[in-house]
Structure formats: structure tokens, C-alpha cells
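Report on the following structure.
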Amino acid sequence: MNHMTRRRFFCQSVSTAAGAYLGLSASSRAGAMGANDEIRVAVAGIHSQGNGHIGRFQNIEGVQVVALCDPDSEVLAQRVKEFKAKYGQSVQGYADVRHVLDRKDIDAIVVATPNHWHSLMTIWACQAGKDVYVEKPVSHCIWEGRKMVEAARKYDRIVQAGTQQRSCPAVQEAARDIQAGKYGKVLWVHCSKLGSRKPIGKVSTPQAVPDHINYNLWAGPAPMSPVMRQQFHYDWHWQWSWGDGEMANWGVHYLDDIRHLLGSETVPTKIQAAGNRFCWNDNGETPNMHLALATYGDVPVVIDIRNLPDPLRSGGSSGAVYLNSRGSNYIQCEGASIRLSRGGGGAYDRANKRIHKYTGDGGATHTQNFIDAVRSRRRQDLAAEVEVGHLSTVVCHQANIAWRVGQTATVDQVHQAMKSHPDALYTLTDMLQQLGGNDADLTKQPFVLGPELTYDPLAERFTGSDASLANQYLKSSYRAPFVVPDAV
């Protein structure tokens with residue numbers, strides 16, 4: 071299909087746009103590839119994380135990066151220039167991913183765009199016969215994440231989620247030990263990401279989109295809303311139209327670890343959240359202090375995400391022994407506690423003596439794992455197959471929704487909501503101490519507390535008395551022709 075035909079094609083009805091790639095043939099190398107077959111890769115979204123992926127994939131033996139895609143013409147030109155200087159080879163640059171997907175010589179695409187593009191680009195790629203490495207969080211809402219899974223299955227594509235800690239030997243070994251019962255029954259879990267950030271600034275009028283950015287292509291499925299932030303790039307993370315906050319930015323890694331460690335193939339059935347965007351008078355919308363209590367079967371999980379600095383403690387970290395790193399998981403079992411952060415950790419007895427060391431690499435082989443699966447054509451070879459990534463991202467969306475449906479509350483009300491689990495209460499107390507160190511005035515900017523939500527993992531919908539409030543966030547609205555299709 072030539073490009074002029076495609077432009078006319080995409081200006082037709084939403085249903086037609088949804089199936090734009092159904093007629094394209096799959097890769098001519100759909101069968102298992104040999105070890106010497108070159109895998110040709112495109113990278114879409116190359117401003118930040120995608121820039122790192124260019125080198126990670128180009129440096130894998132038997133892989134050739136042949137296309138770069140970004141709607142920012144300055145970034146695109148710079149990356150094309152850098153590629154030539156570093157590797158002595160030319161690479162084709164594109165503003166529109168649809169033109170990348172037209173190429174029959176491309177086997178796989180890396181999707182490292184802003185979150186709101188992840189699902190549609192993955193679905194289009196599957197329809198075009200490409201395999202996909204998609205950055206976390208895999209989706210911008212629960213509904214479209216399931217559509218990604220459906221597309222991967224229908225078109226028999228290899229789709230890897232960029233939750234690279236699935237490939238970390240420390241997490242893999244600890245998961246085997248926990249699931250084998252080495253430390254006894256799991257009693258409760260604490261998941262934390264403590265990373266200081268700064269406010270994004272405050273503007274009172276829409277900001278001009280830089281003239282080197284094609285805003286139509288950047289926005290894609292999302293609304294072309296006025297830009298209400300000082301910095302165009304990256305700070306979209308903290309506005310709901312495009313991002314999903316720290317919960318799905320960094321928190322998804324550690325929540326994915328929890329599912330991995332517990333051997334869970336589902337998501338929480340109950341969740342409640344509290345927090346707010348404290349102390350910052352900026353254009354951000356997502357919470358910078360976010361506490362959630364979730365239930366996996368009979369295992370309570372405390373989710374603790376913080377972006378405020380902690381002036382009361384050196385190093386900017388917080389609280390108890392399991393809160394002493396920027397990102398960590400603490401699994402309390404009957405016979406020991408397991409403490410893991412990115413790259414490693416250990417198991418500790420009741421006397422706090424380390425009884426086993428877990429050594430990892432943070433998931434350094436995750437991209438290689440994807441390429442190996444592209445060659446074998448076996449999705450079970452993937453460390454983080456798209457459905458694994460979808461379910462872990464669902465937990466992030468659950469926690470965000472549980473906060474978004476909330477109302478302002480007193481500290482006593484939050485205390486009552488969290489009293490069912492001692493660790494949740496401890497975490498709240500620690501969070502209050504940190505807020506005090508930041509001179510937060512909770513009378514002027516109180517907590518937002520959501521109701522306890524119940525969730526049906528099979529239907530992928532909230533149930534119960536507050537379901538109507540929560541379910542409005544299950545599916546985004548899409549802007550034609552960039553529509554995530556009902557039928558992939």
C-alpha cells in the first residue's frame with residue numbers, strides 16, 4: 071500500500087482505521103529463524119528510553135537497527151546523525167510509524183513512545199506482521215492492554231514487555247525459592263519506590279508546541295489538548311491524558327516483581343488508595359505520595375510510591391529496614407523476610423541475619439531474551455510476554471483508579487481505612503512524618519482517599535457499589551484515525 075493510499079485510507083471511518091494493517095502480509099520470515107539470520111529492528115520513540123534501546127539492540131549479534139521513528143524532527147535528525155557517527159552506517163528516519171510498518175524488511179519494532187501510544191502501536195505492529203518490544207507500562211488503560219494480548223495471539227507475534235527485572239537472576243531465584251516454600255507461607259508484602267522529584271512548574275495559559283514537533287503524530291490516540299506544562303517532553307508522565315504517574319512509571323517494575331515472586335497469574339481483587347500531589351503548586355495531576363493496600367488472595371500487599379524529598383533522613387530514603395532503598399520489595403514469610411531491590415537482595419531470619427544472598431544484574435539480558443524468542447517463535451521463551459506485562463500494568467491502573475475516585479479525607483479517616491494491616495498503618499505514619507518534613511499543610515491540602523474497590527479479574531472490571539465510578543477509567547477515548555480497535 072503506497073503512502074498516499076494509506077493517508078486516504080486512514081481518513082475513512084474509525085472502524086476502517088482500526089483495521090488498517092489487516093491486509094498487510096506478515097514477515098516473510100515468520101517461521102523459526104536460524105542463528106545467523108539477521109533480525110532487522112525499528113525503534114519508535116527515541117527521545118529518552120528509546121535512545122538507549124538503539125544501542126542495546128544494535129549491539130546484539132545478528133541484529134541490525136534499520137529505522138528510527140519520532141515526531142520530533144530535531145530529536146530524529148540528531149539520533150540519525152549519532153547512529154552514523156557511532157556505527158558507521160546509515161539509518162532511515164521517520165516521523166510517522168505507519169510508514170515504518172509499511173516496510174516488509176522490518177522484523178520487529180521497539181515501542182518506547184509516551185504511554186498513550188503503547189497499545190495502538192503494538193496492535194498495528196502485530197497486524198503488520200512485526201514482533202514487538204514495548205516499554206512499560208504496556209498500556210494507558212486496562213481495556214487497551216487486553217487488546218494488545220488479543221492482537222499478539224491473533225497474529226501469532228512475539229511481544230515482550232519492557233519490565234526487564236523479569237530477566238534479573240536475583241528475582242528469578244527468589245521467586246523459585248518463595249514458590250517452593252523455602253521460607254514458609256507468604257504473610258504480607260511491601261512494595262516501595264521512593265524517588266525524589268521536583269515540581270514541573272506552573273503555567274496559566276497553554277504553551278506553544280515547539281515547531282519541530284508534529285503534535286498530531288505525537289498525540290496520536292490522545293486528545294490534542296492545549297499543552298499546560300513548561301517542559302514538553304517527559305513531564306507528560308504527570309498528566310493523565312498522556313501519562314500514568316509514578317505508579318506506572320517506576321512502580322510497575324516492583325509490582326511486576328511482586329507478581330513474579332508470588333507466582334501470581336492474576337491481579338488484586340481488592341484495592342484502596344490514599345495520597346495526593348502534596349506541597350507542589352504545579353501543572354501535574356498525578357499523586358506524588360501514593361499509598362495503596364491491595365489483596366492477592368489472602369496476601370495483603372502495601373504499595374508505597376513517593377516523590378517528595380525526605381529532609382528528615384540522610385540519603386532521601388525512608389523508614390524501616392524495607393524502606394531503605396530507592397526501590398525495593400519486602401516479602402514477609404513465616405520463616406524469613408526477603409528483601410530485593412534492582413540488582414539483588416537477600417533473605418533474612420528473625421534475628422535479621424542474612425541467610426541467603428540473591429545476586430542479580432537488573433535484567434541486563436532482557437533485550438537478548440526478546441531476540442532469542444523472535445528466533446525461536448516461542449512466546450513461552452519470553453521473560454515478560456505481553457500478557458504478563460498487561461497484568462502487572464493492570465495493578466498500576468487499579469491503584470491509580472482507586473485514588474482518582476477518592477474524596478478529600480482527614481488523617482483519621484485514612485488511618486481507619488488502613489487499620490486492617492499493621493504495615494499499612496506503619497507506612498502511613500512514616501509518610502506523615504515525611505510530609506511534616508516538607509512542611510505540608512494537610513488542612514489546606516488534605517489526603518484524597520478512595521473507597522475500597524472490588525475487581526473481577528476475569529471480566530477485568532470493577533464490581534460492587536463503587537463500580538460505576540471506577541469503571542469509567544477502564545477505557546480511554548480515542549481520536550480518529552488513531553483508534554484502538556474493538557476487534558483487533
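Residue numbering for the sequence shown follows our numbering, beginning at 71 and increasing consecutively. Each residue gets a CB set at the ideal place from its N, CA and C atoms; glycine is no exception.
Is residue i helix, strand or coil when you go by DSSP?
| i | result |
| --- | --- |
| residue 522 | coil |
| residue 285 | helix |
| residue 145 | helix |
| residue 546 | coil |
| residue 531 | strand |
| residue 360 | strand |
| residue 264 | strand |
| residue 499 | helix |
| residue 297 | strand |
| residue 477 | strand |
| residue 309 | coil |
| residue 342 | strand |
| residue 557 | coil |
| residue 348 | coil |
Where does the unbroken alpha helix (DSSP H) through residue i begin, and where does it stop?
| i | result |
| --- | --- |
| residue 253 | Here residue 253 belongs to no alpha helix (DSSP H), and DSSP marks it neither H nor E. |
| residue 444 | 436 to 446 |
| residue 469 | 456 to 474 |
| residue 229 | Premise fails: residue 229 lies in the beta strand (DSSP E), 229 to 231, not in any alpha helix (DSSP H). |
| residue 508 | Unbroken run through residue 508: none, as it is neither H nor E. |
| residue 421 | Run containing residue 421: none; DSSP gives neither H nor E here. |
| residue 195 | 188 to 197 |
| residue 245 | 239 to 249 |
| residue 490 | Looking at the DSSP string, residue 490 is not in any alpha helix (DSSP H), and its letter there is neither H nor E. |
How far does the beta strand (DSSP E) with residue i in it reach, from first residue to last?
| i | result |
| --- | --- |
| residue 426 | 424 to 429 |
| residue 374 | 369 to 376 |
Looking at C-alpha atoms only, which residue of the options is the closest neighbour of residue i?
| i | options | result |
| --- | --- | --- |
| residue 470 | 551, 207, 419 and 237 | 207 |
| residue 536 | 113, 477 and 454 | 477 |
| residue 142 | 154, 155, 436 and 165 | 165 |
| residue 270 | 250, 556, 358 and 534 | 358 |
| residue 518 | 369, 171 and 475 | 475 |
| residue 322 | 458, 120, 129 and 112 | 458 |
| residue 167 | 217, 289, 230 and 122 | 289 |
| residue 514 | 530, 481, 490 and 408 | 481 |
| residue 201 | 113, 425 and 406 | 113 |
| residue 422 | 407, 411 and 414 | 407 |
| residue 325 | 344, 253, 401 and 349 | 401 |
For residue i, which residues does DSSP report across the bridge?
| i | result |
| --- | --- |
| residue 414 | 411 and 429 |
| residue 110 | 134 |
| residue 335 | Note: residue 335 sits in no beta bridge, so no partner. |
| residue 209 | Per DSSP, none; premise fails for residue 209. |
| residue 273 | The partner list for residue 273 (beta bridge, DSSP) is empty, contrary to what the question assumes. |
| residue 37 | The requested residue 37 does not occur in the structure, where the chain is confined to residues 71 to 558. |
| residue 403 | 256 |
| residue 163 | 138 |
| residue 203 | 180 and 230 |
| residue 552 | 549 |
| residue 366 | 369 |
Query raised in the report: Given 8 Å as the limit, is there contact between the segment 296 to 309 and the segment 267 to 280, that is, 3 or more CB pairs closer than that?
Result: Here the segment 296 to 309 makes contact with the segment 267 to 280; the two share three or more CB pairs at distances below 8 Å.
Query raised in the report: Can you find at least 3 beta carbon pairs, one from the segment 255 to 262 and one from the segment 368 to 376, that sit closer than 8 Å?
Result: The segment 255 to 262, when compared against the segment 368 to 376, does touch it at the 8 Å Cβ threshold.
Report task. Answer yes if the segment 237 to 255 comes into contact with the segment 424 to 434, meaning at least three C-beta pairs across the two stretches below 8 Å, and no otherwise. Result -> As far as the Cβ criterion goes, the segment 424 to 434 touches the segment 237 to 255, which means the pair count is three or higher.
Query raised in the report: Taking three-plus beta-carbon pairs below 8 Å as touching, is the segment 309 to 318 in contact with the segment 344 to 364?
Result: Yes: the two stretches touch, three or more of their Cβ pairs being nearer than 8 Å.
Query raised in the report: Can at least three beta-carbon pairs, one atom from the segment 113 to 131 and one from the segment 176 to 185, be found at a separation below 8 Å?
Result: Touching, yes, given that three or more Cβ pairs across the two stretches are closer than 8 Å.
Query raised in the report: Counting pairs of beta carbons, one from the segment 444 to 462 and one from the segment 213 to 225, are three or more of them closer than 8 Å?
Result: Contact between the segment 444 to 462 and the segment 213 to 225 is present, because at least three Cβ pairs lie under 8 Å.
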